Structure formats: structure tokens, C-alpha cells
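Below is one structure, written out as C-alpha cells; the observations come after it.
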Amino acid sequence: MEMLTYKILLCVIVFALSLGIAAYMTWGERKIAAILQDRVGPNRAGPLGLLQPLADGIKMFMKEEMIPGQSNKWLFILGPSFFMLTACMTGVVIPWGSGITVGDTVYPMQITDINIGLLYLLGVVSIGVYGIMIGGWASNNKYSLLGALRASSQMISYEVAMGLSLIALVMTTGTLNLGEIAAQQDAGWANVVYQPLGFLIFLVCAFAETNRAPFDLPECESELVGGYHTEYSSMKLGFFLFAEYINMFISSAVMATLYFGGYNFPFQHALGLEGNWLAVVQTAVLFLKISAFIFLFMWVRWTLPRFRYDQLMNLGWKVLLPLSLANIFITGIVMWLTGKLG
Amino acid sequence: MISYIFWFLSFTAVFSALATILSKNPVHSVLYIIVTFFSIAGHYFLLNAQFLAAVHIIVYAGAIMVLFLYVIMMLNLNRLEKEKTQNWMKLLSVVSAGLLMLVMVSAVGRASLMAGAGQPDETMGLTQALGQVLYRDYLLPFELSSILFLSAMVGAVYLSKKEPTTPPL
């Protein structure tokens, strides 16, 4: 019973953290864009513009709520809600730290430790596209529909390469459990050392799955006005934009956990820290790694131009898919030669 | 607790399955069938078949139904094909559906409904157990069926490939 209360509390904390971090990611994105373009960036609301996300949130809520007359009203509302829901669902399988010991009980920093953590992750990613599709179709607008169709074909295409790059990782780790994968990297090297190509494929696919530049074709302004959220206003638009940032945060956390040691860091046992203090430092290190990935996401967005749609599809099917298959093959051969196959 | 979840999932599954075939709008049908898939995946979870549940969601809800929705959304753009059912089509569909029902009824009639009363193997649905069954005990049928899928895929790609009549610009 006590454990259940703790898990619910952890759920609330992870949810609130995702929202809070996503809010400040919008601030970070503007600041980074400003630095890269030699500007100042938001500096009016609060010191360094730190209150800007708050002002944006209030603005989003205060804007007029518009539902197009010819649209399908229920599905129009369902679209952004579902997109937000799937964005928030992924955080439950990520191990945010090694666990805090109070008395005799160990409180793990992972909400559920299911055996099929990686599959759960892929499942949530694969249903995430429905929010965009439903929203884009229900808007009854050609630009929205085209954006939704682009989003769905893009996400399906990159899911394949993403899943295959994860298979090579599963081969070397031997488990689908994210907690175990993170714990394994305590003793040895981080997984990126064994799976450099797999990580690169996963990284590119993560950019495509979160609809970030250079793969933000579904909301390509120069061709589609606003893409799938052309007709959206007020907080429903805010949900679409906000969920993108949550997705970015979660995929950064996944990449840090799967490939970069999760909450582990080098020489962590040589620090002489005891149980709980070490766990706190580990969680801080994990968030440092996540921030680094988030910075990478933004850095790439403000550096690279957008792909053309045929280039996007060619990259997905003719480059990443064969590469990930080759990665599985090479991983298998190396494991066979080194006698790691059981 | 478990039985409440079971009744909830069963009700959702039956309701959404009915709504799938009864709703006029094809997009609504697709959304309802996705709900059906989710409730069936929930049943798999109740039986501790975690791998099956996850793959069910990834493959059916995540990939196949997205393509269905994709195609229906494209067709919906131009409302050309209204329902053009002719009488012989209706007759044929009644006959084939009746035959299917005959098969189902006879299958259900022969099955013993009490077979599930014994304690099932709790670890059977986990990834490791399933992998060992598929890749060790039944490797040949598994690989053969995958070749079947591959040939179907190659066939589909070949059929959809346009013959280049004029050289591309």
C-alpha cells in the first residue's frame, strides 16, 4: 500500500517534471536560437526572460478558442488530447535513478519495471501518430490533411529503422527491461561503445519521430501553412506544440538511458559517496545528459535546413533501413566470434 | 479487482467492435477498431502475455491501422465512391457471412469452454519463453512463414510498380 502511494507520487512528479522541463525548453530553444543567430532572445519577462514560458502559457489559455464549423468537433478535440496523452505516457518506464533506501525498503526511481519496457516504448511511439492524424483530418482543411498524411508516413517509415536499431541493442544487452539496461552499464562501458551505428540510426529516427527539424515536414510552413495544426488555436495548438517538447525530453531521456549509461557516470564508485547521496548525484547526472541531448536537438534545428520530402523518404528507407539491418548482422557476427552467443 | 478490469475490457471490446461495423463514417470505424485492439491487448496483459500485448499494439494499432486510416483519409478527399451495392453483391455477402458463421458456431460447439479452468503457465507469455518456443522448437515453420510474408511483400511491391512507358523527365 505504501509502495502504491509512492508510485502514484512518483507518477505525479514525473508528470510535473515533464511539463515544467518542456515549458523551460521553449525558453531554452529561443535563447539557443538567439545565440546561434547572434541576437539577445527573450529578455523582457523576468530576469533573462525566465518568466517567458509563464507568459506564453497564460497567452495560450487566454486566446480565443476556435473550432472550424465544418470540422468534426469531437475528433478535433480528441486529436491534441491524444497527442499530449501519448507524449506523457512514455516516462513511466524510464529509470530516473538507482533508487533511494529509507529504512529497509528501497524506493526505485522507476515507475514500472515491466519486462517489456522497450516494446512498451515502441508501442507508445507507434500510436503517437494518431493524435496528429485525427487532428489533421478532423480540421477539414487540405493543408491539415496533407500535414497529417506526411506525419503518418514519416513516422511509420522511421519507426522501422528505429525498431531495428533497438534490436541490435537488445542483442548485446539481452534484455528488454530499461532498468536492467541502465544497471548493466554500471559495470562495463556505456552501450554507445558497442553500438555506435545503432545509436546514430536511433538518433536520426528520434529527430524524425519528434517532427523536429530537419525532419519537420508535417508542419512545413513554406508549403503547408501550419501543417496538421493549421486550424488549431488557443491551448489546443499549445498542446500540439507542447507535446513536441515533451517528446523531445522523453526521447533525450531514452537515448541517455539506452546508449549513454543512464544514471551511471564514470568513476561513480570511487567518489566515496554512500547509497542515497550517490543516487541523488546519479539522478542529477542523468538530467545533465538529458540536457545535453536537448541542446543537440535545438542546435541541429537552428543549423540544418529542412529536407525535401523525397529526400526524407529516401533517407529512411534506402539508407537507414539497410544500415540498421547491416548493424544487426555485424552485431551478430561479432557476438558469434567473441563467443557471446548463449 | 482483476474481474472488474476484465468486465471493463470485455465491455469495451464488444461495444467498440459493434461500433466499428455500425458506424457510417469509415474514419470512425477505424478509430473504434483501434479501441477494440487496445482492449484485446488489455486482455493479453491480464493473461500475463506481455510480449503478445505489446506486439499487438505495435503491429496492429501502430502500423496496420495507421495505414488503413491513411488510405481512408485519402479516399475521403474526393467523395466519388458512394455506396454502390447491387443486389447480387448483397446476396453473395449474406451467403459468405453465413458460411463463416457456420464454421464459427461449429468450432465453438466442439470446444470445451471449461478448458481454461486449469492454472495456465504464468511465464509462457513473456518474451524469453516465447522466443525459445519460436526460435528453438518451431524454427522451421517460423522461418517458412516469414518467407511467405516476404514473398507477399515482394509481390505487392512488384504489382504497385508502374511500368515506365515514357522515360522519366
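Each protein sequence line maps, in turn, to chains W and U. Just so we're aligned: the first sequence equals residues 1 to 342 in the numbering used here. Just so we're aligned: the second sequence equals residues 1001 to 1169 in the numbering used here. We put the beta carbon where it would ideally sit given N, CA and C, even for glycine. All of these numbers come straight from a predicted model, not from anything done at the bench.
- For the 8 Å CB-CB criterion, residue 1039 of chain U and residue 1018 of chain U do not form a contact.
- With a threshold of 8 Å between beta carbons, residue 127 of chain W makes contact with chain U.
- Within the stretch 1119–1151 of chain U, 1126, 1127 place their CB atoms closer than 8 Å to a CB of chain W, listed in sequence order.
- Counting only the Cα atoms, residue 1006 of chain U lies some 7 Å from residue 1043 of chain U.
- Interface residue (Cβ-Cβ distance to chain W less than 8 Å): residue 1062 of chain U is classified as such.
- Of all C-beta pairs linking the stretch 253–260 of chain W to the stretch 87–107 of chain W, three or more are shorter than 8 Å, placing the two stretches in contact.
- Taking 8 Å as the CB threshold, residue 264 of chain W stays off the interface with chain U.
- Here residue 87 of chain W is buried: its Cβ has 16 or more other Cβ atoms, across all protein chains shown, within 10 Å.
- Here DSSP, grouped into helix, strand and coil, assigns residue 105 of chain W to strand.
- When rounded, the separation of the alpha-carbon atoms in residue 68 of chain W and residue 194 of chain W is 52 Å.
- Note on residue 1133 of chain U: under 16 other CB atoms within 10 angstroms of its CB, so exposed under the neighbour-count rule.
- Counting C-beta pairs with one atom in each stretch, the stretch 306–313 of chain W and the stretch 258–277 of chain W have fewer than three that are closer than 8 Å, which means they do not touch.
- CA-CA distance, residue 157 of chain W to residue 276 of chain W, rounds to 43 Å.
- Residues of chain U whose Cβ lies closer than 8 Å to the Cβ of residue 133 of chain W are, in chain order, 1066, 1069, 1070, 1073.
- Contacts with chain U (Cβ-Cβ distance below 9 Å) from the stretch 136–152 of chain W involve 136, 137, 138, 142, 145, 148, 149, 152, listed in chain order.
- In this chain, residue 91 of chain W is not harboured by any alpha helix (DSSP H), its DSSP state being neither H nor E.
- Residue nearest to residue 322 of chain W within the set W/198, W/282, W/294 is W/198 (criterion: CA-CA distance).
- Taking all protein chains shown into account, residue 1030 of chain U has 16 or more neighbouring C-beta atoms within 10 Å of its C-beta and is therefore buried.
- Interface criterion not met: the Cβ of residue 1156 of chain U is under 8 Å from no Cβ in chain W.
- Per the Cβ contact rule, the stretch 178–194 of chain W is not in contact with the stretch 136–145 of chain W (fewer than 3 Cβ pairs under 8 Å).
- Across the structure, residue 79 of chain W and residue 258 of chain W are spaced so that their CA atoms are roughly 30 Å apart.
- As the crow flies, the alpha-carbon of residue 227 of chain W is around 29 Å from that of residue 49 of chain W.
- Between residue 1027 of chain U and chain W, the shortest Cβ-Cβ separation is below 8 Å.
- Secondary structure of residue 67 of chain W (DSSP, three-state): coil.
- Nearest CB-CB separation between residue 1057 of chain U and chain W: below the 8 Å threshold.
- Note that the stretch 238–251 of chain W does not touch the stretch 320–335 of chain W; fewer than 3 beta-carbon pairs, one per stretch, sit closer than 8 Å.
- Residue 1 of chain W and residue 112 of chain W have their C-alpha atoms spaced approximately 15 Å apart.
- Between the stretch 148–155 of chain W and the stretch 1087–1105 of chain U, the count of Cβ pairs shorter than 8 Å is below three; the stretches do not touch.
- In this structure, the beta-carbon distance from residue 249 of chain W to residue 77 of chain W does not fall below 8 Å.
- Among the residues of chain W, those whose CB is under 9 Å from the CB of residue 1051 of chain U are 115, 116, 119, 176, following chain order.
- DSSP places residue 196 of chain W in the uninterrupted alpha helix (DSSP H) bounded by 196–209.
- With contacts defined by Cβ atoms closer than 8 Å, residue 117 of chain W and residue 169 of chain W do not form a contacting pair.
- Flagged as an interface residue toward chain U: residue 122 of chain W, by a C-beta distance shorter than 8 Å.
- When Cβ-Cβ separations below 8 Å define contact, residue 1054 of chain U makes contact with chain W.
- Counting C-beta atoms within 10 angstroms of its own C-beta, residue 263 of chain W has 16 or more neighbours from the protein chains shown and is therefore classed as buried.
- Residue contact with chain U for residue 156 of chain W: present (Cβ-Cβ distance below 8 Å to some residue of chain U).
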